[in-house]
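Here is the structure we will look at.
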Amino acid sequence: MTLSERDLKHIWHPCARMQDFAKYPPLHILSAKGALLNTPYGEIIDAIGSWWCKPLGHRPEVVISAIQDQLQSFEHVITAQTTNNKMVELGEKLAGLSKLPYTFFSSDGSSAVEVALKLTLHARKIEGYKEKTSFLALNNGYHGETLATLSVSDLGDFKEPYKSHCFTSNYVKVPYTKGMNDASSLNAKREFFAVLPYLETIKPTLNALIFEPIVQGAAGMRTYSVDFLNQLLKWAKNNKIYCIADEIMTGLCRTGNWFATDYLTEKPDIMCIAKGLTAGTLPLSCTLISQELFDIFYFAKQHAPFLHSHTHSGNALAISAALATLNYMETIDLNTKATILQQKLHQAFKQISAQTKALTNIRGIGGIIAGCLSFSDHEHLQRFTNIAQKRGALLRPIGNSLYWFPPINIEEYQLAKLTDITYESIKESLL
Ligand SMILES: Cc1ncc(COP(=O)(O)O)c(C=O)c1O
């Protein structure tokens, strides 16, 4: 029996239609380094950062050696009533970068969002605002796949089967743009005034606004107006509505800034980060929390502990990986690299678009670039993905949105190769 035959007898792969594997079996990975995956059929460029979590590529040496160092002392001890140097150092570092002084650790993005949602609901309860129990989110937003995170998400396929078990949220339409510096991105007064009457109607019940800042990942890497978001945050703050920035995809240098919310004049009360936090080596997520929110629990008249925990909250190996990742990002100035990469990615997609006439609506920010393929049926997209894989690139369009999310330190020759492979694969799949 081949490895993929054995795999398909026992492994249920995430976010996949299992019957598709009969035609296109899972890719066998032998090892990985930087932007490259080593397979029995040769090297393949990981153009999607293994689900958006590889800002430094696979197996960055500084991060791997930090994990190995930590293994020499302890791998994980309950953090409910213990502390250690690295955890405190990471807390200090994140507070400095985000200006949000408190960190709550979880293991994955969805859990970090779940913590944020629960915290804001609980805070309002402590304060006695009985009516402030609902959430405002953005059209086409995505915040994870647990029932609560699906309840504030707006992507049909993910949510539909469980809709009756989700709580109801409110959604506001955002104006999409081609990038952050579009005229439409910088001035969205008209669009904001258009949604204002709706916002005013629902505001008495709103507890918090949750949003993916500037670019919505699972919606197909769609960029939307910075000005609109600023106005929405300003309005929310004026109406005592918490602002939760879901920076799980956008945070930690991906957009050319530590956080995408650094581009805003209005700041969130809570920020969720994960994915690139450990350079994608180990699972770790954080909910970063404002002083004001912390104080509501701390100074509550009645005892109000936040009784949320995960066994691996603050796992020491993951913490060491995160600390090494953040320090290294700072040392090599990864934000500047992401800003430089932005130009190159745009150039590559424009070139592919001109050559194939099958890629339109190009948009992006920092180390993210996307465009719409001229074909959108599932079979065609599967075939395209398989052609690209055979030619040496791991791609995974979202619907007909083709995107790259490479390591920010991807090498020049790898980017040139990825451009050729993407172009050739589109061409071949149009035949
Ligand atoms: C913006 C955003 N929020 C939340 C999540 C959920 O994170 P996780 O898959 O680690 O649970 C994701 C994952 O892609 C995401 O992109």
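Using the numbering used here, the first residue of the sequence shown is number 413, and each one after it goes up by one. Yeah, the Cβ is synthetic: ideal placement off N, Cα and C, and Gly gets one too.
* In terms of residue numbering, what span does the alpha helix (DSSP H) encompassing E823 cover? -> Stepping through the sequence shown from its first residue, residue 823 is reached at position 411. First-last for E823: undefined, no H or E at that position.
* So, are the CB atoms of I682 and L705 less than 9 Å apart? -> Taking the sequence shown and counting its residues from 1, one reaches residue 682 at position 270. Taking the sequence shown and counting its residues from 1, one reaches residue 705 at position 293. Taking 9 Å as the Cβ cut-off, I682 and L705 qualify as a contacting pair.
* Between T797, E824, R795 and L785, which lies nearest to N812 when the distance is taken from Cα to Cα? -> Here residue 812 refers to the residue found at position 400 when the sequence shown is read from its first residue. The residue with the shortest Cα to Cα distance from N812 is L785.
* Asked: Span of the alpha helix (DSSP H) holding M741?
  -> Counting from 1 along the sequence shown, the entry for residue 741 is found at position 329. From DSSP, the alpha helix (DSSP H) with M741 extends over A728 to T743.
* To do: Between the Cα of Y574 and those of Y583, L562, K585 and S581, spot the shortest distance and give me the residue it belongs to.
  => Taking the first residue of the sequence shown as 1, we reach residue 574 at position 162. Per the Cα distances, L562.
* Asked: Do three or more CB pairs link the region 625-641 to the region 549-565 at distances below 8 Å?
  -> yes
* Asked: Helix, strand or coil: how does DSSP classify I479 here?
  -> Here residue 479 is taken as the residue at index 67 of the sequence shown, counted from 1. Three-state DSSP puts I479 in a helix.
* Close beta carbons around L420, own chain, < 6 Å, minus the five adjacent residues each side -> If you number the sequence shown from 1, residue 420 lands on position 8. Counting only Cβ-Cβ distances below 6 Å, and skipping sequence neighbours, we find F433.
* CB of S725 to nearest heavy atom of ligand 1: below 8 Å? -> The sequence position of residue 725 within the sequence shown is 313, counting from 1. Result no, Cβ not under 8 Å from ligand 1.
* **Environment of C427 [buried if 16+ CB atoms lie within 10 Å]** => Taking the first residue of the sequence shown as 1, we reach residue 427 at position 15. C427 comes out exposed.
* Does DSSP put F623 in a helix, in a strand, or in coil? -> Counting from one through the sequence shown, the residue named residue 623 turns up at place 211. Correct three-state label for F623: strand.
* Taking F516 as part of the alpha helix (DSSP H), name the residues at either end of that continuous run. => Counting from 1 along the sequence shown, the entry for residue 516 is found at position 104. From DSSP, F516 is part of no alpha helix (DSSP H) but of the beta strand (DSSP E) over Y514 to S518.
* Return yes when at least one heavy atom of ligand 1 lies under 8 Å from the C-beta of Y554, else no. => For the purposes of this step, residue 554 is identified with residue 142 of the sequence shown, where counting begins at 1. The answer is yes for Y554.
* Asked: Looking at M661 and ligand 1, is the gap between the Cβ and the nearest heavy atom below 8 Å?
  -> What you label residue 661 is simply residue 249 of the sequence shown in a count that begins at 1. Yes, since a heavy atom of ligand 1 falls inside the 8 Å radius drawn around the Cβ of M661.
* For ligand 1, any of its heavy atoms closer than 8 Å to the Cβ of W463? -> Reading the sequence shown from its first residue, position 51 is the one you call residue 463. Within the cutoff, so yes.
* Beta carbon of V564, beta carbon of I622: below 9 Å? -> Reading the sequence shown from its first residue, position 152 is the one you call residue 564. Reading the sequence shown from its first residue, position 210 is the one you call residue 622. Against a cut-off of 9 Å, the Cβ pair of I622 and V564 comes out as a contact.
* Identity of the residues DSSP links to R634 by a beta bridge -> For the purposes of this step, residue 634 is identified with residue 222 of the sequence shown, where counting begins at 1. Paired residues: Q628.
* Asked: Out of curiosity, what's the CA-to-CA distance linking E659 and T723?
  -> For the purposes of this step, residue 659 is taken as the residue at position 247 of the sequence shown. For the purposes of this step, residue 723 is taken as the residue at position 311 of the sequence shown. Looking at the two C-alpha atoms, the distance is approximately 23 Å.
* Asked: Mind checking A606: buried by the 16 CB within 10 Å criterion, or exposed?
  -> Numbered from its first residue, the sequence shown carries residue 606 at position 194. Answer is exposed; the Cβ neighbour count stays below 16.
* To do: Flag S697 as yes when its Cβ comes closer than 8 Å to any non-hydrogen atom of ligand 1, and as no otherwise.
  => In the sequence shown, residue 697 corresponds to position 285, counting from 1. S697: yes, Cβ under 8 Å from ligand 1.
* Asked: Going along the chain, which residues of its own chain have a beta-carbon closer than 6 Å to the beta-carbon of L793, five neighbours each way excluded?
  -> In the sequence shown, residue 793 corresponds to position 381, counting from 1. Close CB contacts of L793 within its chain, under the 6 Å cut and outside five residues either way in sequence, are with P809 (chain order).
* Measure the C-alpha to C-alpha separation of L664 and H425 and round it to an integer number of angstroms. => The residue given as residue 664 occupies position 252 in the sequence shown. The residue given as residue 425 occupies position 13 in the sequence shown. Approximately 28 Å between the Cα atoms of the pair.
* To do: Classify N650 as buried or exposed, calling it buried when 16 or more other Cβ atoms lie within 10 Å of its own Cβ.
  => Numbered from 1 along the sequence shown, position 238 holds the residue referred to as residue 650. By the C-beta density criterion, N650 is exposed, having fewer than 16 other C-beta atoms within 10 angstroms.
* Contact set for A645: own chain, Cβ-Cβ below 6 Å, skip 5 residues either direction -> Indexing the sequence shown from 1 puts residue 645 at position 233. It is worth fixing the name first, because residue 645 is Leu in this sequence and not Ala. Result list for L645: C655 and E678, in chain order.
* Buried versus exposed call for I423 [16 or more other C-beta atoms within 10 Å across all chains shown] -> Translated into positions along the sequence shown, residue 423 becomes position 11. With fewer than 16 other Cβ atoms within 10 Å, it is exposed.
* Among S477, N642, L529 and G469, which residue has its Cα nearest to the Cα of I626? -> Working through the sequence shown from its first residue, we reach residue 626 at position 214. Among S477, N642, L529 and G469, the Cα nearest to that of I626 is on N642.
* Asked: Count the other CB atoms within 10 Å of the CB of D566; is the residue buried (16 or more) or exposed (fewer)?
  -> Working through the sequence shown from its first residue, we reach residue 566 at position 154. Looking at its Cβ environment, which holds 16 or more other Cβ atoms inside 10 Å, D566 is buried.
* In chain order, what residues of the same chain have a beta carbon less than 8 Å from the beta carbon of R536, not counting five sequence neighbours either side? -> Looking up residue 536 in the sequence shown gives position 124. Here the set comprises K544, T545 and N619.
* Could you round the C-beta distance between Q484 and A728 to whole angstroms and report it? I think they count as a contact, below 8 Å. => The count along the sequence shown starts at 1 and reaches residue 484 at position 72. The count along the sequence shown starts at 1 and reaches residue 728 at position 316. Wrong, their Cβ atoms sit about 11 Å apart, outside the cutoff.
* Asked: Is N642 helix, strand or coil when you go by DSSP?
  -> Here residue 642 refers to the residue found at position 230 when the sequence shown is read from its first residue. Of the three classes helix, strand and coil, the one that applies to N642 here is helix, per DSSP.
* Using a threshold of 8 Å, is the CB atom of D520 nearer than that to any non-hydrogen atom of ligand 1? -> The sequence position of residue 520 within the sequence shown is 108, counting from 1. Yes, the Cβ of D520 comes within 8 Å of a heavy atom of ligand 1.
* Which residues in the same chain have their Cβ closer than 6 Å to the Cβ of Y588, if we skip the five residues on either side of it in sequence? -> Mapped onto the sequence shown, residue 588 falls at position 176. Same-chain partners within the cutoff: R634 and Y636.
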